[in-house]
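*Asks:* Numbering of the sequence shown is given in the working numbering, commencing with residue 410 and proceeding in unit increments.
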Amino acid sequence: MSRTARYPPDLDRWREAAHIAARARELGLRLAVPGARIRELADEVESFIRSQGAQPAFPANLSRNDQAAHFTPSPETTDVLETGDLLKVDVGAHLDGAIADTADTVEVGGTHRWDHLVLAARDGRAAGIAAVRPGGLVDDISRAVARAIRARGVKPIVDLTGHSIERYLLHAGKSIPNVPGASGETLEEGEVIAIEPFATNGRGSIGNGPFGNIVRFRRDPGASDPALAAMFGRFRTLPFAARWVTAPEERAALERARRTLQTYPVFVERGHGHVAQAEHTVLVGASGAEVLSVV
Ligand code: CO
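1. Going by C-alpha distance, which of T690, F626, V703 and S633 is nearest R668?
2. So for A426, helix, strand or coil by DSSP?
3. Sort L471, S633, E699 and H689 by Cα distance to D510 and report the nearest one.
4. Expressed to the nearest angstrom, what Euclidean distance is found between the alpha-carbon atoms of S702 and P635?
5. Opposite T497 in the DSSP bridges: which residues?
6. Looking at the structure shown, is G682 part of a helix, part of a strand, or coil, going by DSSP?
7. May I ask you to list the residues that DSSP assigns as paired with V624?
8. In chain order, what residues have a CB nearer than 5 Å to some heavy atom of the ligand CO?
9. Span of the beta strand (DSSP E) holding L692?
10. Compare the beta carbon distance of G545 and T595 with 8 Å and say whether it is the shorter of the two.
11. Of all the alpha helix (DSSP H) runs that stay within the bounds of the region 446-471, which reach a length of 4 or more residues?
12. Going by DSSP, which residues form a beta bridge with F607?
13. So if DSSP puts H572 in a beta bridge, which residue, or which two residues, is it bridged to?
14. Since V677 sits in a beta bridge, which residues does DSSP pair it with?
15. Taking the alpha carbon of N610 as the reference point, which residue from I550, I585, R522 and V675 has its own alpha carbon closest?
16. Around the Cβ of V517, are there at least 16 other Cβ atoms within 10 angstroms (buried) or fewer (exposed)?
17. Taking the C-alpha atoms as reference points, what is the distance between N470 and V489?
18. Near R660, what residues of its chain come up, given a Cβ to Cβ distance below 7 Å and the 5 sequence neighbours on each side ignored?
19. Taking the alpha helix (DSSP H) that E659 falls in, what are its first and last residues?
20. Could you work out which residue in V601, F480 and A603 is closest to P674 when comparing CA atoms only?
21. Within the same chain, show all residues whose beta-carbon is closer than 7 Å to that of A507, passing over the 5 residues directly before and after it, in chain order.
22. Is A502 helix, strand or coil when you go by DSSP?
23. Measure the C-alpha to C-alpha separation of A560 and L637 and round it to an integer number of angstroms.
24. Ordered along the chain, which non-local residues of its own chain (more than five positions away) have a Cβ less than 8 Å from that of A581?
25. For my contact list, V624 and L670 are in at a C-beta cut-off of 8 Å; report their separation, rounded to the angstrom.
26. Given A656, which residues of its chain have a CB within under 7 Å of its CB, disregarding the five upstream and five downstream residues?
27. Nearest to D549 by alpha carbon, out of K564, G590 and Q686?
28. Would you mind stating whether S483 and R652 have Cβ atoms separated by less than 8 Å?
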């Protein structure tokens, strides 16, 4: 361990949170069968995380087809999965703010029409992980990701990135682009980062779609509204879903605070291409990446 390394002091908690997130990801992939209710899938994945003593670090993202990210079901969502849907299961778990973020893609019903996209995203993730070096360039990861995705004849999405993670901060200061030439930063030993390539047969960029039912406190709302203060105590500045707020007084407080919350639109592929995603949370170790989000 180098003298300047920035390992979290509770590294084993980060490993444990990531192990829980990885098993939640696999559960979500297994439950994604034709006819499954997307709302129930989200609830089951998040319940599993809580049953392991962790909390969801953000609502289960269950984006389909040309939706790249940031869709979670609302309390009213009645959609069911259909054969051929290309579903991204992107989940996060945290233990006292030690966060893990991980994703994979499944083609519902095993129709195998989009295998090349799923494999491109996974190849991109593997190549990016192999390029991690303490003191190395973020750009080395980006170049490896893009090359692996293009080798499958499809495109990386240029405006979605991986990210560094800090306690209670899902997207900390550093972006990990999925194409080269976009970052001049270096990796530091002991950092935790998420590498998350997206592969598409569309234009390779995203636009904002409708509200995806995910919100976040930008800052501590203070103590003047007790219901709001209680919610901030639970979610801090991490993204959360209206599905998680069931007490009537908290529902009402959320409605009053609506304008002060950050709201996330669904990211939709600009050419309405199909999108696959693969993501791991990794530790920048002394000799390279240690993949944390493993089952
Ligand atoms: Co992420």
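C-beta: ideal position from N, C-alpha, C; glycine also.
Keep in mind that this is a model prediction, so the values were computed, not measured.
*Replies:* In brief:
1. The residue with the shortest Cα to Cα distance from R668 is F626.
2. The three-state secondary structure of A426, taken from DSSP, is helix.
3. When only C-alpha atoms are compared, the closest one is H689.
4. Computed Cα separation, rounded: 36 Å.
5. First, the amino acid is wrong: residue 497 is Lys here, not Thr. Paired residues: S472 and T514.
6. Coil.
7. Beta-bridge annotation (DSSP): V624 is paired with F649 and T672.
8. Ordered by chain, the residues meeting the criterion of a beta-carbon within less than 5 Å of a non-hydrogen atom of the ligand CO are D510, A603 and E605.
9. Element bounds for L692: H689 to G694.
10. Yes, the pair counts as a contact, with Cβ atoms nearer than the cut-off.
11. With a minimum length of 4 residues, the continuous alpha helix (DSSP H) runs that stay inside the region 446-471 are 447-460.
12. As a beta-bridge residue in DSSP terms, F607 pairs with Q686.
13. Answer is S584 and A603, bridged to H572.
14. Paired residues: Q476 and G616.
15. Of I550, I585, R522 and V675, the residue nearest in Cα terms is R522.
16. Classification for V517: buried.
17. Approximately 15 Å between the Cα atoms of the pair.
18. Closer than 7 Å at Cβ, skipping near neighbours: V654.
19. In the DSSP assignment, E659 falls within the alpha helix (DSSP H) that extends over P657 to A666.
20. P674 has its Cα closest to that of F480, out of V601, F480 and A603.
21. Result list for A507: P417, D419, R422, W423, A426 and R576, in chain order.
22. Note: A502 maps to strand in three-state DSSP.
23. Here the C-alpha atom of A560 lies approximately 49 Å from the C-alpha atom of L637.
24. Correct list, in chain order: H572, S573, I574 and E575.
25. Rounded, the Cβ-Cβ distance is 4 Å, consistent with contact.
26. Nothing meets the Cβ criterion.
27. The shortest C-alpha separation from D549 is found at G590.
28. Yes.
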